[in-house]
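Undergrad:
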Amino acid sequence: MSAPTKVVVSEPADPDAPSFLTLPAEIRNWIYAILLSSKDNLQLAVVANGSVALVRRSSADAAAEMEYYDKLRRGFSTLNNDPPKPRRVQQDGIELLRTCRLIHYEAAPILYANTFLLHATRNKYHDTIGRHLNSAISAWLQEFGQHGRSIQKLVLDLGAIGPWSCACGDPDISAIFQKDDRYISCGALLDAIWSSDSNLTVSFVDSGPIPSFCTSGPFHYPVPPPHSCCDLGHLNQVIQQLAQDELGMKKFRKAIGEIGIFPSGLGGVFVFQTTDWQSRQGQLRSFRDYNPFFENAKFFEATENGALRFCTNKADTTPRTVLGVPPKAFKRIIEYTLDSSASYEIDLDSFRDFRDLCGVVYLDWNTHLREFDKYLLTHNFNISMTADTNANFNFSKLKRLLNVVFVADTDLLTVNQGDEGEFGVDVDYSINLHIHLGAHVSTSPPKVAHFNVIPLVVATFNANPDRHINVHTYSGNGRIKGKTISIKNLRRLVVPVLRKYVRYDHAMNPGLLCPELWMDDQGMIEVVSTGSRVLGRERDPVEEYRTLWSAWSTGYVGAKAPPVPEVDGLASSMYLYLKWITL
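The structure is reproduced here in structure tokens:
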């Protein structure tokens with residue numbers, strides 16, 4: 021028979037004894053201050069699972085860590101892969117906050133009034149841009165929920181950010197910022213502050229150079245620490261101004277992908293999440309110092325009086341050599357490479373990007389901002405397209421090219437109040453359309469070629485009306501016909517024809533379709549009711565006229581929609597074209 025189980029019970033509490041909450045408020049606050057307040061900073065560190073926790077670092081811990089890195093630098097192979105981890109501790113008296121809601125309400129502000137210091141954490145790879153530190157501390161703030169508003173002071177140690185020049189820097193090529201960009205990442209931190217509407221004061225401290233932090237070996241070598249280029253005064257001022265939303269970017273925080281600050285405190289950048297954001301993830305850089313994420317970025321700088329303002333370039337304007345060439349010599353190279361004496365040929369059948377034409381302006385970001393708009397505004401471009409065997413053109417490529425927007429801060433020309441320019445509006449170009457009839461086609465009498473003109477109207481919707489379109493017809497023996505027409509005259513030809521088949525009430529009925537309009541190589545417009553015109557096929561004009569007249573009398577045109585999504589064949593879209601044209 022088993023022995024009886026012993027049960028230990030405590031004595032009943034004295035019902036007459038005073039409870040903690042019956043103590044005067046002054047005494048309770050005094051107890052809270054003894055248990056929860058600290059004269060020194062409460063030390064935080066990123067622990068093994070990637071979270072942030074309170075830690076205790078004694079002088080012995082610091083000495084052991086220094087010894088570890090010193091041995092690693094000298095090539096000891098018996099060491100573990102990771103350095104000694106800081107010991108997680110529980111703040112004295114923090115269990116008191118879990119007693120009841122009233123005590124938590126009274127005592128939590130005293131705990132949160134302390135200054136929290138996130139010190140340098142040494143890992144196998146250096147966090148060269150502060151990305152891991154930024155994510156960890158923002159996640160720690162979000163864990164507090166609404167109580168995060170009570171945290172008042174947060175100090176970040178720059179020692180947690182490794183040198184940019186170190187070869188063992190963060191190897192993640194999909195990161196928005198790379199070590200060559202020389203930014204301190206703080207997007208997640210600022211988003212956490214903006215989300216909680218807190219008055220948190222964020223500042224940086226410099227723990228000083230750590231000689232053993234960078235180790236020598238296959239993937240490590242000693243380099244100077246990054247602290248020499250950091251200005252703590254300016255850096256603290258900028259981070260605090262951003263936390264207080266001085267630039268008014270808080271309302272766009274859902275669209276901001278990352279925020280970077282120069283270590284010098286001279287400014288930084290907002291990088292936005294765009295529609296092609298996912299496709300750019302993991303994209304390798306094709307050009308030195310060119311970051312494709314910056315194409316939709318907004319830069320800011322600190323003025324002389326300390327305020328922040330937006331600018332069109334990076335605030336760090338320290339002169340740098342490109343490929344080892346002095347700036348003046350490099351400028352001459354660009355001028356020679358981008359000689360404007362000859363026209364540039366753009367074959368849209370093979371054209372992919374301006375890098376194919378002017379790759380020299382993509383060598384670095386400053387060169388791109390300074391030279392790309394000048395290149396577009398001082399050159400003439402011959403845009404060519406070749407039709408397929410049915411005289412169909414892929415005008416969607418032309419539309420994308422004409423809608424290219426670029427920063428126009430050059431002194432050569434003021435474009436859109438000096439802010440932005442558009443290729444189709446501000447650049448000097450001509451459009452060449454080539455139609456090949458084939459070697460079997462006789463040139464006597466000359467054959468007439470047609471192509472659907474509505475997609476061309478859509479592609480040039482916002483283009484400069486004075487630019488010219490050249491239509492060239494070829495047989496197997498060479499060019500047989502040619503016609504030059506301006507975009508303005510093209511509109512003048514199209515509008516009267518559309519006006520016959522589009523009425524005001526059509527715009528209210530999206531089910532009404534419009535006929536296709538085809539133009540021949542002599543600039544004559546022809547209405548095609550079915551949209552199935554094939555080169556060389558003749559139609560019965562009487563039958564077509566009867567079909568269109570029936571459509572006009574009944575209010576419905578049974579025609580195939582032009583193959584352009586923006587047009588979609590709707591009468592409402594056609595009516596908008598009529599409203600758009602000013603003759």
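With this note's numbering, letter number 47 in the sequence shown gets 67, and the count goes up by one each step, no holes. Every residue gets a Cβ at the ideal spot worked out from N, C-alpha and C, and that includes glycine.
Given that a residue counts as buried once 16 or more other Cβ atoms are within 10 Å of its Cβ, and exposed if not, what is residue 330?
TA: The residue in question, residue 330, is exposed, as its Cβ has fewer than 16 Cβ neighbours within 10 Å.
Undergrad: Report the CB separation of residue 255 from residue 285 in whole angstroms; it is logged as a contact under 8 angstroms.
TA: 4 angstroms
Undergrad: Sort out for me which residues DSSP pairs residue 367 with in a bridge.
TA: 404
Undergrad: If I measure Cβ to Cβ from residue 209 and keep anything under 8 angstroms in the same chain, skipping five residues before and after, which residues do I get?
TA: 154, 157, 158, 161 and 222
Undergrad: Please state whether DSSP places residue 288 in a helix, a strand or coil.
TA: Per DSSP, reduced to three states, the secondary structure at residue 288 is strand.
Undergrad: Going by alpha carbons, who is nearest to residue 57 out of 484, 31, 372 and 136?
TA: 136
Undergrad: What is the residue span of the alpha helix (DSSP H) that residue 451 lies within?
TA: No alpha helix (DSSP H) contains residue 451, which is instead part of the beta strand (DSSP E) from 448–456.
Undergrad: Look at the alpha carbon of residue 486 and the alpha carbon of residue 476, and state the distance between them as a whole number of angstroms.
TA: 15 angstroms
Undergrad: When you compare the CB positions of residue 378 and residue 358, do they come within less than 8 angstroms of one another, or not?
TA: yes
Undergrad: Within a Cβ cutoff of 6 angstroms, which residues of the same chain sit near residue 251, ignoring the five residues on either side of it in sequence?
TA: 284 and 285
Undergrad: In chain order, what residues of the same chain lie with their CB nearer than 6 angstroms to the CB of residue 270, ignoring the 5 residues before and after it?
TA: 214
Undergrad: Alpha carbon to alpha carbon, how far is residue 443 from residue 425? Give it in angstroms, no decimals.
TA: Spanning the alpha carbons of residue 425 and residue 443 requires a straight line of approximately 6 angstroms.
Undergrad: Using the three-state DSSP reduction, which class does residue 487 fall into: helix, strand or coil?
TA: coil
Undergrad: Work out the CA separation of residue 262 and residue 452 for me, nearest whole Å.
TA: 50 angstroms
Undergrad: Would you kindly report the start and end of the unbroken beta strand (DSSP E) that includes residue 223?
TA: Per DSSP, residue 223 is one residue of the beta strand (DSSP E) stretching across 221–225.
Undergrad: Alpha carbon to alpha carbon, how far is residue 457 from residue 495? Give it in angstroms, no decimals.
TA: 5 angstroms
Undergrad: Tell me whether residue 46 is buried or exposed, calling it buried when 16 or more other Cβ atoms sit within 10 Å of its Cβ.
TA: exposed
Undergrad: Three-state secondary structure (DSSP) at residue 372?
TA: In this structure, DSSP gives residue 372 a state outside helix and strand, which the three-state scheme calls coil.
Undergrad: Can you tell me whether DSSP reads residue 158 as helix, strand or coil?
TA: In this structure, residue 158 counts as helix in the three-state DSSP scheme.
Undergrad: Going by C-alpha distance, which of 220, 543, 207 and 128 is nearest residue 488?
TA: 543
Undergrad: With a threshold of 16 other CB atoms inside 10 Å of the CB of residue 206, please say whether the residue is buried or exposed.
TA: By the 10 Å Cβ count, residue 206 comes out buried.
Undergrad: So for residue 271, helix, strand or coil by DSSP?
TA: helix
Undergrad: So what does DSSP say about residue 36, is it helix, strand or coil?
TA: coil
Undergrad: Which term fits residue 356, buried or exposed, when burial requires 16 or more other beta carbons within 10 angstroms of its beta carbon?
TA: exposed
Undergrad: Alpha carbon to alpha carbon, how far is residue 328 from residue 447? Give it in angstroms, no decimals.
TA: 33 angstroms
Undergrad: How is residue 203 classed by DSSP in three states: helix, strand or coil?
TA: coil
Undergrad: I need the DSSP call for residue 424, collapsed to helix, strand or coil.
TA: coil
Undergrad: Who are the Cβ neighbours of residue 349 in its own chain at under 7 angstroms, not counting the five residues just before and after it?
TA: Apart from sequence neighbours up to five positions away, no residue of its chain approaches residue 349 with a beta-carbon distance below 7 angstroms.
Undergrad: Give every residue of the same chain whose Cβ lies closer than 7 angstroms to the Cβ of residue 220, excluding the five residues on either side of it in the sequence, and list them in chain order.
TA: 171, 172, 174, 213 and 263
Undergrad: Count the other C-beta atoms from every protein chain shown that fall within 10 angstroms of the C-beta of residue 562, then say buried if there are 16 or more, exposed otherwise.
TA: Because the pLDDT of residue 562 is 40, which lies under 50, any placement of that residue in the model is unreliable, and the number read from its coordinates should be weighed accordingly. Looking at its Cβ environment, which holds fewer than 16 other Cβ atoms inside 10 Å, residue 562 is exposed.
Undergrad: Over what stretch of residues does the alpha helix (DSSP H) that includes residue 325 continue unbroken?
TA: Boundaries cannot be given for residue 325, as no alpha helix (DSSP H) includes it and DSSP labels it neither H nor E.
Undergrad: I'd like the span of the beta strand (DSSP E) that includes residue 278, first residue to last.
TA: 276–281
Undergrad: Among residues of its own chain, excluding the 5 on either side of residue 375, which ones have a beta-carbon nearer than 6 angstroms to its beta-carbon?
TA: These residues qualify, in order along the chain: 382.
Undergrad: By how many angstroms is the C-alpha of residue 365 removed from the C-alpha of residue 411?
TA: 22 angstroms
Undergrad: Assuming residue 450 and residue 403 form a contact by the criterion Cβ under 8 angstroms, report the distance between their Cβ atoms to the nearest whole angstrom.
TA: 7 angstroms
Undergrad: Quick one: using the 10 Å Cβ neighbour count with 16 as the cut-off for buried, is residue 39 buried or exposed?
TA: Within a 10 Å sphere around the beta-carbon of residue 39 sit fewer than 16 other beta-carbons, which makes this residue exposed.
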